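Undergrad: At position 386 of the sequence shown the residue is numbered 386 (full-length UniProt numbering), and the sequence of numbers has no breaks.
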Amino acid sequence: MRTMIKKYGMYTFILLLFIVASVMIYVKINPKELPANLIAATGKIDGDLITLNTKYPGRIQSMSIQEGQNIKEGEVIASLSGDEYEKKLAALDAGVAAAKKALNAMQDELQITQTAIPLNIKKAHKALLIAQAQKEEVQSSLKTLKALVSQSQKDYERMRTLYEKKLISKHKLELAKLKFTSDQEKLTAMQAKIQAANRAIEIAKDNEKLARSQEKKIQALTNKIAASQDKIRALQANKEELQLVINELTIKSPINGYVVEKIANKGEVLGAGMVVATLVDPQDLYLKVFVDTLTNGKIKIGDKAVIFLDANPNKAIQAKVTAIAANAEFTPKEVAVRSDRIQRVYGVHLTPLQIDPLLKLGIPAIGVISTDGKDLPKSLDDIPNI
């Protein structure tokens, strides 16, 4: 009985092996085929790398990142030494302060000058009018005095004639002569006053001319103030430009993403334009696959697609075709196609519809494109091996 059971068990085991072998042979002889509307290809996750470089030379004071580190937009990546620029900025600050101080002094001087010069002109003009009035008054008195002297002279000459005829006394003659002499002296003094009045008028005219010439000082001060203001603006512009340089010494991330490669290290001296690190934005990641010439003609921008990662073959990452190469190239070594190596292929970009944390730069993946938007697989088990 036991021998019979063993015999039947052996037969059953052989039968199972036969069935399994038959299935495997059938699958091998009749592999799965992709539907006509699907195109599958292999590739690697690629992306548009952002190269962070220096705009100005300097020594790295601090480096705040490591490769693979997640970063946020505006986060400090590295800082360069800026002592030289800081000293220049301090010198510009001092220059601006001194120029403003000088400008304030000139503005005060202009305000005083604008008040004083009109007063001086008015005062000088008034002095001229007074001198001219005094001259007119003296001239009026001079005319009267000349008539008086002429009359005194006539009286004296008449008295002398009468005295010579013994008609008057010598005392009367002397009185007439005394009056004539006194009037002459008064006339001489009055003429001296006229000359003094003329000199006073000339001096008053010169003073008024000098006062009016000071009006040019107002314009000169105004021009100096304008030049000083231009100088301050130029210094401010230099200061702002230097501040921009200092700001550029702090290198910040322009994106939300992660560090692909840290190239520079603390203490290194970098020239202008040298690379500090490379970054990538997850939104810019895509799967780059290659398709042959015949397949390329079926694909168009916007076609639906899915991406499968080797590490997670049962998760379909929804994507779409975002770029198709315009020119063919020889098949890259790492890409497998159905034909031989000399076949030319086209690069196709499959971009995920949403950011997926599983996507990393450089990892291999499989992309499946639907030319009509239908029948996209949900697992790699749904399609033949590629």
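Just so it is clear, CB atoms sit at the ideal spot from N, CA and C, and this is done for glycine as well. Predicted model, so just to flag it, every value in this text is computed and none were measured.
Closest to residue 389 by CA distance: which of Lys-239, Gln-153, Phe-290 and Pro-57 is it?
TA: The first residue shown for the chain is 1 and the last is 386, placing residue 389 beyond what the model contains.
Undergrad: Can you tell me whether Lys-135 is buried or exposed? The criterion is at least 16 other CB atoms within 10 Å of its CB, across all chains shown.
TA: By 1-based counting over the sequence shown, the position of residue 135 is 135. Label assigned to Lys-135: buried.
Undergrad: Are the beta-carbon atoms of Leu-358 and Pro-282 separated by less than 8 Å?
TA: Start at 1 with the first residue of the sequence shown, and residue 358 comes out as number 358. Start at 1 with the first residue of the sequence shown, and residue 282 comes out as number 282. No. Outside cutoff.
Undergrad: Taking the DSSP output, what are the residues bridged to Asn-53?
TA: Mapped onto the sequence shown, residue 53 falls at position 53. In the DSSP output, where bridge partners are listed per residue, Asn-53 has Val-275.
Undergrad: With a cut-off of 8 Å on the beta carbons, I'd call Gly-43 and Leu-287 a contact; round off their distance for me.
TA: The residue given as residue 43 occupies position 43 in the sequence shown. The residue given as residue 287 occupies position 287 in the sequence shown. So it is a contact: roughly 5 Å between Cβ atoms.
Undergrad: My output table needs one value for Asn-247: the three-state DSSP class, helix, strand or coil.
TA: Here residue 247 is taken as the residue at index 247 of the sequence shown, counted from 1. DSSP places Asn-247 in helix when its eight states are reduced to three.
Undergrad: Using the three-state DSSP reduction, which class does Lys-304 fall into: helix, strand or coil?
TA: Position 304 of the sequence shown, counted from the first residue, corresponds to residue 304. Residue state, collapsed to three classes: strand.
Undergrad: For Asn-120, which of Ser-213, Ala-147, Asp-93 and Tyr-156 has the nearest alpha-carbon?
TA: As a first step, residue 120 is located in the sequence shown; it is residue number 120 there, counting from the start. When only C-alpha atoms are compared, the closest one is Ser-213.
Undergrad: In whole angstroms, what separates the C-alpha of Leu-350 from that of Phe-330?
TA: Sequence index remark: in the sequence shown, residue 350 carries index 350 (1-based). Sequence index remark: in the sequence shown, residue 330 carries index 330 (1-based). Distance between the alpha carbons of Leu-350 and Phe-330: 20 Å.
Undergrad: Taking the CB atoms as reference points, tell me whether Val-259 and Ile-65 lie closer together than 8 Å.
TA: The residue given as residue 259 occupies position 259 in the sequence shown. The residue given as residue 65 occupies position 65 in the sequence shown. Yes. Within cutoff.
Undergrad: What's the C-alpha gap between Leu-49 and Asn-70?
TA: As a first step, residue 49 is located in the sequence shown; it is residue number 49 there, counting from the start. As a first step, residue 70 is located in the sequence shown; it is residue number 70 there, counting from the start. Looking at the two C-alpha atoms, the distance is approximately 15 Å.
Undergrad: With burial defined as no fewer than 16 other Cβ atoms inside 10 Å of the residue's Cβ, what is the status of Ala-40: buried or exposed?
TA: Locating residue 40 in the sequence shown gives position 40, counting from the first residue. Its Cβ being crowded by 16 or more others within 10 Å, Ala-40 is buried.
Undergrad: Please classify residue 390 as buried or exposed, where buried requires at least 16 neighbouring CB atoms within 10 angstroms.
TA: Only positions 1 to 386 of the chain appear in this structure, which leaves residue 390 out of reach.
Undergrad: Once DSSP output is grouped into helix, strand and coil, what is the label at Ile-203?
TA: The residue given as residue 203 occupies position 203 in the sequence shown. Of the three classes helix, strand and coil, the one that applies to Ile-203 here is helix, per DSSP.
Undergrad: Within 10 angstroms of the Cβ of Val-275, are there 16 or more other Cβ atoms? Answer buried if so, exposed if not.
TA: Position 275 of the sequence shown holds residue 275. Burial call: exposed.
Undergrad: Would you give the residue range spanned by the alpha helix (DSSP H) that Ser-62 belongs to?
TA: Along the sequence shown, read from residue 1 onward, the residue named residue 62 stands at position 62. Run containing Ser-62: none in the alpha helix (DSSP H); it sits in the beta strand (DSSP E), 58-63.
Undergrad: Going by DSSP in three states, Ile-299 sits in which element: helix, strand or coil?
TA: One-based indexing of the sequence shown puts residue 299 at position 299. Ile-299: coil per DSSP, three-state reduction.
Undergrad: Is there contact between the region 188-197 and the region 136-151, where contact requires at least three CB pairs shorter than 8 Å?
TA: Yes, they touch.
Undergrad: Keeping to the same chain, check which residues put their C-beta closer than 7 Å to that of Asp-62; ignore five residues upstream and five downstream.
TA: Translated into positions along the sequence shown, residue 62 becomes position 62. The question names Asp, but residue 62 in the sequence shown is Ser. Same-chain partners within the cutoff: Ala-78, Ser-79 and Lys-266.
Undergrad: For Ser-370, which of helix, strand or coil comes out of DSSP?
TA: Counting from 1 along the sequence shown, the entry for residue 370 is found at position 370. Ser-370: strand per DSSP, three-state reduction.
Undergrad: Would you call Ala-305 buried or exposed, if buried means 16 or more other Cβ atoms sit within 10 Å of its Cβ?
TA: The residue labelled residue 305 in the question sits at position 305 within the sequence shown. Buried.
Undergrad: Would you list the residues sitting across from residue 387 in a DSSP beta bridge?
TA: In the structure as shown, the chain begins at 1 and stops at 386. Residue 387 is therefore absent and cannot be evaluated.
Undergrad: Would you call Ser-169 buried or exposed, if buried means 16 or more other Cβ atoms sit within 10 Å of its Cβ?
TA: Counted from its first residue, the sequence shown places residue 169 at position 169. With fewer than 16 Cβ atoms within 10 Å of its Cβ, Ser-169 is classed as exposed.
Undergrad: Which residues in the same chain have their Cβ closer than 6 Å to the Cβ of Ile-301, if we skip the five residues on either side of it in sequence?
TA: Counted from its first residue, the sequence shown places residue 301 at position 301. So the qualifying residues of the chain are Val-321.
Undergrad: Could you pull out every residue in the same chain whose Cβ sits closer than 8 Å to the Cβ of residue 401, ignoring the five residues on either side in sequence?
TA: No answer is possible for residue 401: the residues shown for the chain start at 1 and end at 386.
Undergrad: Measure the Cβ-Cβ separation of Ile-251 and Tyr-85 and say whether it is below 8 Å.
TA: Looking up residue 251 in the sequence shown gives position 251. Looking up residue 85 in the sequence shown gives position 85. Taking 8 Å as the Cβ cut-off, Ile-251 and Tyr-85 do not qualify as a contacting pair.
Undergrad: Going by the beta-carbon positions, is the gap between Ser-370 and Asp-303 smaller than 8 Å?
TA: In the sequence shown, the residue the question calls residue 370 occupies position 370. In the sequence shown, the residue the question calls residue 303 occupies position 303. Yes, they are a contact pair.
Undergrad: Flag Ile-251 as yes when its Cβ comes closer than 7 Å to any non-hydrogen atom of the ligand NAD, and as no otherwise.
TA: Questions concerning the ligand NAD fall outside what the structure shown contains, since it holds no ligand whatsoever.
Undergrad: Who are the near neighbours of Asp-93 in its chain, counting only those whose CB is closer than 8 Å to its CB and skipping five residues on each side?
TA: In the sequence shown, counting from the first residue as 1, residue 93 sits at position 93. The answer, listed in chain order, is Lys-239.
Undergrad: May I ask you to list the residues that DSSP assigns as paired with Phe-290?
TA: Indexing the sequence shown from 1 puts residue 290 at position 290. Bridge partners of Phe-290: Gly-347.
Undergrad: Have a look at Leu-210 and Ala-234 and give me their C-alpha separation to the nearest angstrom.
TA: Taking the sequence shown and counting its residues from 1, the one referred to as residue 210 is at position 210. Taking the sequence shown and counting its residues from 1, the one referred to as residue 234 is at position 234. Cα-Cα distance, rounded: 37 Å.
Undergrad: Determine, using beta carbons only, whether Met-159 and Leu-173 come nearer to each other than 8 Å.
TA: Numbered from 1 along the sequence shown, position 159 holds the residue referred to as residue 159. Numbered from 1 along the sequence shown, position 173 holds the residue referred to as residue 173. Yes, the pair counts as a contact, with Cβ atoms nearer than the cut-off.
Undergrad: Specify the secondary structure class of Ala-104 as computed by DSSP and reduced to three states.
TA: Stepping through the sequence shown from its first residue, residue 104 is reached at position 104. First, the residue type needs correcting, since residue 104 is Asn and not Ala in the sequence shown. If DSSP states are grouped into helix, strand and coil, Asn-104 belongs with the helices.
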